[in-house]
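First to last, the protein sequences are chains W and U. The first sequence runs 13 to 168 under my numbering. The second sequence runs 13 to 168 under my numbering. Backbone N, C-alpha and C define an ideal beta-carbon position, used for all residues, glycine too. As the structure is a computational prediction, the values presented were derived from the model and not from experiment. Please read the structure below before turning to the comments.
Protein chains: 2
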Amino acid sequence: MIVAATEADGDQVRDIAAKVGFFNQEEVETVADLWEDYLTTGPVLGGYNFLVEKDGDRVLGFSCYGPRDLTTGVFDLYWIAVDSTIHRNGVGRRLLVATEEQVRLAGGRMLIAETSGSEHYEPTRNFYYGMEYALEARIKDFYSVGDDLVIFIKRF
Amino acid sequence: MIVAATEADGDQVRDIAAKVGFFNQEEVETVADLWEDYLTTGPVLGGYNFLVEKDGDRVLGFSCYGPRDLTTGVFDLYWIAVDSTIHRNGVGRRLLVATEEQVRLAGGRMLIAETSGSEHYEPTRNFYYGMEYALEARIKDFYSVGDDLVIFIKRF
Chain W
13 MIVAATEADG DQVRDIAAKV GFFNQEEVET VADLWEDYLT TGPVLGGYNF
63 LVEKDGDRVL GFSCYGPRDL TTGVFDLYWI AVDSTIHRNG VGRRLLVATE
113 EQVRLAGGRM LIAETSGSEH YEPTRNFYYG MEYALEARIK DFYSVGDDLV
163 IFIKRF
Chain U
13 MIVAATEADG DQVRDIAAKV GFFNQEEVET VADLWEDYLT TGPVLGGYNF
63 LVEKDGDRVL GFSCYGPRDL TTGVFDLYWI AVDSTIHRNG VGRRLLVATE
113 EQVRLAGGRM LIAETSGSEH YEPTRNFYYG MEYALEARIK DFYSVGDDLV
163 IFIKRF
């Protein structure tokens, strides 16, 4: 079941992010920051929103998204992560579909997923391609030398 | 003279941003937010930094820049604005050169200036072209339908 995350899900959300394995510590810490923001402002369509897929009390994965400042109708997918022990079970796909639905309901025209162009992130890029996202821009050497930013977009 | 902005410059910085004319209220309010952040954290190379060109106590223009999270060596130019009564006097050019110098001193590899692809912003885009920035990416209909995001980058 996919629902808006509540305070009780916080530890599991952070834990999933930490255990994905290929995010560095700075990246994992951003999840904690976004989470604090979410708990403060609540699940409204400003700032950061978290969806979780749960099996009972267990959080299987989460997505974090929100509207981009200074735009009308543009949303960012900040995070999407699945418990590293249960990959390839459709959790990521279901979370992304649910996120897109929320974005559309909020009047979103597009959802942007920024990720890395490195070899490491090839499964991530293939995930977005499979979900019908288009690679619309690439900034060479963005994250670090040799590690490009790639910008995937789905337009509604 | 171009210097790091101090608290006393705040009113003039906000005033310049408001009077540029083609920024909307939401955009102008971001300046106030960035400014508050700058005063809180001080002129360090995290968060937001403001440079001002001054003639005595008068602020002629300002730039606001800072490092991009999750990258090494990437800086964003958040704002650059000149008192609307004294355009075409080289203030913008000098502020941008000074900003680039600070970015390089901080180990910056590139400075990113995001702006609009609309007709309205043609002078802005020409300014970046003239300063040897390259238009590296364009996201169609980003700010609103018909108003693209264009990403200018200077690499050091």
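Within chain W, the residues that residue i reaches when beta carbons sit closer than 7 Å
i, result
"U:Glu38", "Leu82"
"U:Val86", "Phe154"
Candidates the options: closest to residue i by CA position
i, options, result
"U:Leu63", "U:Val103, U:Ala125, U:Phe139 and U:Asp153", "U:Val103"
"W:Glu39", "U:Arg80, U:Lys166 and U:Asp88", "U:Arg80"
"W:Ala110", "W:His132, W:Met143, W:Gln24 and W:Ile98", "W:Met143"
"U:Pro135", "U:Glu41, U:Ala30, U:Phe87 and U:Arg100", "U:Arg100"
"W:Gly73", "W:Thr83, W:Leu107, W:Leu46 and W:Glu126", "W:Leu107"
"W:Glu148", "U:Ala146, U:Ile151 and U:Leu147", "U:Ile151"
"U:Phe35", "U:Arg105, U:Ser96 and U:Glu65", "U:Ser96"
"U:Glu48", "U:Glu113, U:Arg26, U:Asp69 and U:Met122", "U:Arg26"
"U:Lys66", "U:Glu41, U:Ile28, U:Leu82 and U:Thr53", "U:Ile28"
"U:Asp159", "U:Phe139, U:His132, U:Gly33 and U:Ile124", "U:His132"
"U:Gly33", "U:Arg167, U:Val94, U:Arg137 and U:Thr84", "U:Val94"
"W:Ala125", "W:Tyr141, W:Leu117, W:Ala118 and W:Gly119", "W:Tyr141"
"U:Ile14", "U:Asp45, U:Thr42, U:Lys166 and U:Arg105", "U:Arg105"
Own chain residues within Cβ distance below 7 Å of residue i, not counting five before or after
i, result
"W:Leu51", "Glu19"
"W:Val71", "Asp21, Gln24, Val25, Ile28 and Val64"
"W:Ile98", "Leu72"
"W:Thr53", "Gly59"
"W:Ala44", "Arg26"
Residues that residue i contacts on chain U, provided the C-beta gap is smaller than 7 Å
i, result
"W:Tyr155", "Leu82 and Thr83"
Partner residues on chain W for residue i, Cβ-Cβ distance less than 9 Å
i, result
"U:Glu48", "Ordered by position in chain W, no residue passes the 9 Å Cβ test against U:Glu48, which lies about 16 Å from the chain."
Minimum Cβ-Cβ distance from residue i to chain W less than 7 Å
i, result
"U:Ala149", "yes"
Partner residues on chain U for residue i, Cβ-Cβ distance less than 8 Å
i, result
"W:Arg121", "Asp153 and Val157"
Whole-angstrom C-beta distance between residue j and residue i, which should lie under 8 Å
i, j, result
"U:Val86", "W:Phe154", "6 Å"
"W:Leu176", "W:Leu123", "Look at the range of chain W in this structure, 13 to 168, and you will see that residue 176 of chain W is not part of it."
"U:Ser128", "W:Thr84", "The Cβ separation is near 13 Å, so there is no contact."
"W:Arg121", "W:Phe168", "6 Å"
Close Cβ partners of residue i (< 6 Å) along its chain, the five nearest in sequence each way excluded
i, result
"U:Ser75", "Leu63, Ile92, Leu107 and Thr111"
"W:Gly68", "none"
"U:Ala30", "Val40"
"U:Phe164", "Ala125, Tyr140, Tyr145 and Leu147"
"U:Arg116", "Phe168"
"W:Ser130", "Asp159"
Neighbour flag for residue i against chain B, beta carbons, 7 Å
i, result
"U:Gly85", "Within the model displayed, chain B is absent; protein chains W and U are what it includes."
8 Å CB neighbourhood of residue i in its chain, flanking five on each side removed
i, result
"U:Asn61", "Ala16, Tyr50, Pro55, Cys76, Tyr77, Gly78 and Gln114"
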